[in-house]
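Structure first, commentary second.
Numbering (the numbering used here), first residue to last: 5 to 153.
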């Protein structure tokens, strides 16, 4: 009988130690709220994407821009859908190198999205009125890809 009580005591101590010291460290981290555009990643810089010679979508943004923050998840959704057919590049214009690209791709506000084919130099500015309509964005990308393979 004493042997069983000892077993229960040891089990209770192990459970207590696990609950107090281990569980708080294993708890899940909640996702970051209010993601900034720079929190998204495509894994490619502009210079890397140009060398691949595959059509690309280039999003020019700044983190403090509310519209950029709203557009980033929509663009990320399109990236997941079209990523096998084209590259997606995010350019924070406040970071080094952004000013050079602004001269190559004139922009008047943020965000600004260009569809660009590095093989031909063909580029299309996507009107900002389309940014909130995923169906219109998909139609524009499909049209661009049809003529820029």
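All C-beta atoms in this analysis are idealised placements derived from N, C-alpha and C, irrespective of residue type, glycine included.
Assignment of residue 92 by DSSP, reduced to helix, strand and coil, places it in the strand class. Following the DSSP letters along the chain, one finds residue 140 in no beta strand (DSSP E) but inside the alpha helix (DSSP H) bounded by residues 138-151. Pairing residue 42 with residue 67 gives a Cβ-Cβ distance under 8 Å.
Two segments are said to touch when three or more pairs of C-beta atoms, one from each, lie closer than 8 Å; by this definition the region 53-66 touches the region 83-100. Around the beta carbon of residue 53, 16 or more other beta carbons lie within 10 angstroms, which makes this residue buried.
Around the CB of residue 145, 16 or more other CB atoms lie within 10 Å, so the residue is classed as buried.
Cβ atoms of residue 152 and residue 131 stay farther apart than 8 Å, at about 18 Å. In this structure, residue 69 sits near residue 114, with a CB-CB distance shorter than 8 Å. In the three-state reduction of the DSSP assignment, residue 116 falls in the strand class. DSSP, reduced to helix, strand and coil, places residue 46 outside both helices and strands of the structure shown, so it counts as coil. With fewer than 16 other CB atoms across the displayed protein chains lying within 10 angstroms of its CB, residue 133 is exposed. Here the alpha carbon of residue 74 sits roughly 31 Å from the alpha carbon of residue 123.
If you check the CB distance, residue 96 and residue 65 come in under 8 Å. Distance between residue 100 and residue 139, taken at the CA atoms: about 34 Å. Per DSSP, residue 75 lies in no beta strand (DSSP E); the unbroken alpha helix (DSSP H) holding it starts and ends at 70-86.
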